[in-house]
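Beneath this line is the structure, given in structure tokens, with notes to follow.
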Amino acid sequence: MSKNMRRDERKQAKKSLAPPIFQTATFTFDNSDDLEAFHSSETDAFFYTRYGNPTNEAAERRLALMEGAEASLLYASGMAAVSSVFLSLLAPNARIVIPQESYRHTRDIAEGLLKRYGVCVDILAENTAESLETLTDGTVRVLFAEIPSNPTLRIPDIDRMAEWARQRRARFIVDSTIATPALFRPLEHGADLALQSATKYIGGHNDVVAGAVSGSSNIIDALREQQALLGSILGPQDAFLVERGLKTLELRVQRISATALKLAEFLEGHPKVSRVHYPGLESHSDHQRAVQYMSAFGGIVSFELDGNDGIADELVNALQIPVLAPGFGGTESQLEHHVKMAYADIGIEGAENRGISAGLIRYSVGLEDFEVLRDDLSEGLKKL
Ligand code: PLP
């Protein structure tokens, strides 16, 4: 399926090229016949924005094309997408398998909310098909994976995990927020759903919070019905921003990935850096899988420094270009001292219990020139 839009797929109201923003809560009917025609599906009219909106539909169409999916659905945030998918596919006594290194709030939902509703949760120590074989229970309903994982950028064995799930009739959900459909399309590898925080590379400019799910029409239709009840829709203005972000996604992600690889190589050769996590490096434990699955390696480089406990803070303070802010995937380079941002509420010990090193810095590469970012890092590291 082509990712490029044909002219006839661009249809918008009033022949507008950009999707108009339908900033309306509700839609009107001329008379009772018009309403009747709507209810008997004789028109493609809209009813009420919680059930659907043309701006959202335009963004969803473009995303589905890029994912190679029958359909896509936008949500109010990545977490709204994650929690809605879990609530839709799971029930009391059903089992979900989720890797240890998953986005922490995805794990929090599983271990908090889902357990409270009687769902059984298995945490997979390693993100591999081999470790799945240690699970014998046949009641698994959902297998979850992230590609790459956050923050050490592990690459799961997607094909074998998909086969494992298929044999058990479990749904396989892949959160490809960091890869994006520009670098990896989970549905082509047997996933039932591809899911992203569209807040990150898809929106791409740190000006929208959104989530997205793509898959077969059957599953997406069911999620859409559920969304109309749960109310976790994305507002039309934000859907417009998501659609606009998708137009340049591939260009941005390719450019960011090329810069990230060069920065990772620079950091790996630096004497003050003890470890670099980047799947494009041969030293990364999942490099072969990254080459197998991804067309480039993404925009996040995580690294650790040689030195005392405060050294990560020293570097964060010494750098002049990247902003210090939670999140990733925007046009500006962005830094997280991971345990102090993503895990601030559970502290360093809590983070280390979840396998996150206290000194880990997560560097989200932006669109700045490589040389500028490298020189900034070089100067910053010199000061340590
Ligand atoms: N999935 C991954 C891999 C993430 O990194 C994040 C957020 O950082 C989310 C989901 C949640 O997305 P949001 O912040 O849009 O709710």
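Position 294 (the sequence shown) corresponds to 293 in numbering that gives the first Met the number 0; numbering is contiguous.
Yeah, the Cβ is synthetic: ideal placement off N, Cα and C, and Gly gets one too.
Under the three-state reduction of DSSP output, Thr179 falls in the helix class. Per the coordinates, the alpha-carbon of Leu314 lies some 23 Å from the alpha-carbon of Ala257. Placement of the Cβ of Tyr342 at a distance of 7 Å or more from every heavy atom of the ligand PLP is found. Taken atom to atom, the span from the alpha-carbon of Met340 to that of Ser356 is near 13 Å.
By the neighbour-count definition (other C-beta atoms within 10 Å, threshold 16), Ser83 is a buried residue. Under the DSSP assignment, Glu335 falls in the beta strand (DSSP E) whose first and last residues are 333 to 336.
Residue range 128 to 131 is occupied by the alpha helix (DSSP H) that includes Ser130. By the neighbour-count criterion, in which 16 or more other beta carbons inside 10 Å mark a residue as buried, Arg168 falls on the exposed side.
The closest heavy atom of the ligand PLP lies less than 7 Å from the beta carbon of Thr198. Shortest Cα-Cα distance from Ala90 to any of Ala221, Leu113, Ser377 involves Leu113. Within the same chain, Asp375 come within 6 Å of Gln319 by CB-CB distance, once the 5 residues on both sides are set aside.
In the DSSP secondary-structure assignment, Ser82 is not bridged to any residue.
For Phe302, the enclosing beta strand (DSSP E) covers residues 299 to 304. One thing to note: Ile157 has its Cβ within 8 Å of the Cβ of Pro185. Here Val141 really is in contact with Ile95; their C-beta atoms are around 4 Å apart, less than 8 Å. Counting only unbroken stretches of 3 or more residues, the beta strand (DSSP E) elements lying wholly within the segment 227 to 297 are 272 to 276, in sequence order. In terms of Cβ geometry, Pro235 and Gln11 do not form a close pair [threshold 8 Å].
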